[in-house]
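Take a look at the structure set out below.
Numbering (my numbering), first residue to last: 3 to 84.
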């Protein structure tokens, strides 16, 4: 059941990040899920690197950490595509 929560959470985070980074037209649902889940990993790692706590679960803080990581991921991909 937890894997379904991660997929839904990843889809939501990936979709919001794609709206913020203006890549929504380029991404489909599957890519939104991947960006959201990988973004959660990157965001958790970034927060631990600056001395804060990483992903703490499915709550507002976790959403914001995952959103930060997803936006960083999209920015890196956009920079590499240029």
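C-beta: ideal position from N, C-alpha, C; glycine also.
If we ignore side chains and look at the alpha-carbon of each, how far apart do residue 70 and residue 45 end up? Residue 70 sits at position 68 when you count from the first residue of the chain shown. Residue 45 sits at position 43 when you count from the first residue of the chain shown. One C-alpha to the other measures close to 6 angstroms.
Thinking C-beta only, is residue 77 closer than 8 angstroms to residue 15? Against the chain shown, residue 15 aligns to sequence position 13. Against the chain shown, residue 77 aligns to sequence position 75. Going by C-beta atoms, residue 15 is not nearer than 8 angstroms to residue 77.
Where residue 75 and residue 82 are concerned, what is the direct C-alpha to C-alpha distance, given to the nearest angstrom? Your numbering for residue 75 matches position 73 in the chain shown. Your numbering for residue 82 matches position 80 in the chain shown. Straight-line Cα distance between these residues: approximately 11 angstroms.
By the DSSP assignment, the alpha helix (DSSP H) with residue 28 in it spans what residues? Taking the first residue of the chain shown as position 1, residue 28 is located at position 26. Bounds of any alpha helix (DSSP H) do not take in residue 28, whose DSSP letter is neither H nor E.
Whole-angstrom distance between residue 23 and residue 54, CA atom to CA atom: Position 52 of the chain shown holds residue 54. Position 21 of the chain shown holds residue 23. Straight-line spacing of the CA atoms in residue 54 and residue 23 works out to 24 angstroms.
Assuming residue 4 is part of the alpha helix (DSSP H), what are its boundary residues? Residue mapping note: residue 4 aligns to position 2 of the chain shown, counting from 1. Here the alpha helix (DSSP H) through residue 4 covers 4–22.
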